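Trainee:
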Amino acid sequence: MKISSSIKYALFAALLVIGCKLIVFFTHSQFTTIGRYSGILALALLTIPLALAIIHKRDKEPNGFISFKQVMRTGLMVCIIASLIVAVFNYIYFKFIDHEILAYWLVESEKSLHELKSSEEDILKAYNYLTDFYSPFSQAMGGLTGILGVGAILSLILSTFLVKNPPQIS
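First residue of the sequence shown? That's 232 in this note's numbering, and the numbers climb one at a time after it.
(1) Using 8 Å as the cut-off, can you tell me whether the stretch 310-328 makes contact with the stretch 240-250, which would need three or more C-beta pairs spanning the two stretches below that distance?
(2) Between Pro280, Leu283 and Leu253, which lies nearest to Ser269 when the distance is taken from Cα to Cα?
(3) Between which two residues does the alpha helix (DSSP H) harbouring Lys300 extend?
(4) Use the C-beta contact count for Tyr360: other C-beta atoms within 10 angstroms, 16 or more gives buried, fewer gives exposed.
(5) Looking at the unbroken alpha helix (DSSP H) that takes in Tyr268, where does it start and where does it end?
(6) According to DSSP, is Met232 helix, strand or coil?
(7) Whose C-beta lies closer than 7 Å to the C-beta of Asn222 among residues of the same chain, with five residues either side of it excluded?
(8) Is the stretch 262-277 close to the stretch 363-371, with three or more CB pairs under 8 Å?
(9) Take the Cβ of Ile378 as the centre, count every other Cβ of all protein chains shown within 10 Å, and call the residue buried at 16 or more, exposed below.
(10) Return the first residue and the last residue of the alpha helix (DSSP H) that Pro398 is part of.
Written out as structure tokens, the structure is:
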């Protein structure tokens, strides 16, 4: 598979993930149930560009045969490029675009912990945890590892349907 083909499908994958995040942000849904599960939807949508990249690779090969190794290599190449793009976007997103999400979750968790009559130490632990979790670097690393992990699993699943080995001659 040419690198340019991998980049094309990786850009498509990254745009799907980024598009989901921006739609949630611009519709102000990030604090709703839809916003909470939009990341899972975005990762599920990775199936589309991965399948297209693998099919493209299979159709470019002589006789349309593709091995398990080629499927995994193609899927992982697309996911590596897409995850790097999404990681950079996540850093920028949480640093400059949606920096208010941390403040919202800090207030909500403090409210919940006060209702549960938690100690100040527990509130401080929750504050530190949320501050670390929503830091731009943590979110960038989450995007990087999330897309790589899900991409590897999806490539494995897609290989079940898309591998086409040449017939065995005895």
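The C-beta atom is built at its ideal place from N, Cα and C for all residues, glycine as well. These numbers come from a predicted model, not from an experiment.
Mentor: In short:
(1) Result yes; three or more Cβ-Cβ pairs closer than 8 Å.
(2) Answer by Cα proximity: Leu253.
(3) Where Lys300 is concerned, the enclosing alpha helix (DSSP H) starts and stops at Phe299 to Ile323.
(4) That one is exposed.
(5) Boundaries of the alpha helix (DSSP H) around Tyr268: Thr264 to Leu276.
(6) Caution applies to Met232, whose pLDDT of 48 falls short of 50 and renders its modelled position unreliable; the value that the coordinates give is listed next. Residue state, collapsed to three classes: coil.
(7) The question about residue 222 has no answer here: the residues shown for the chain are numbered 232 through 401.
(8) No, they do not touch.
(9) It is buried - the Cβ of Ile378 has at least 16 other Cβ atoms within 10 Å.
(10) Counting along the chain, Pro398 falls outside any alpha helix (DSSP H), and DSSP gives it neither H nor E.
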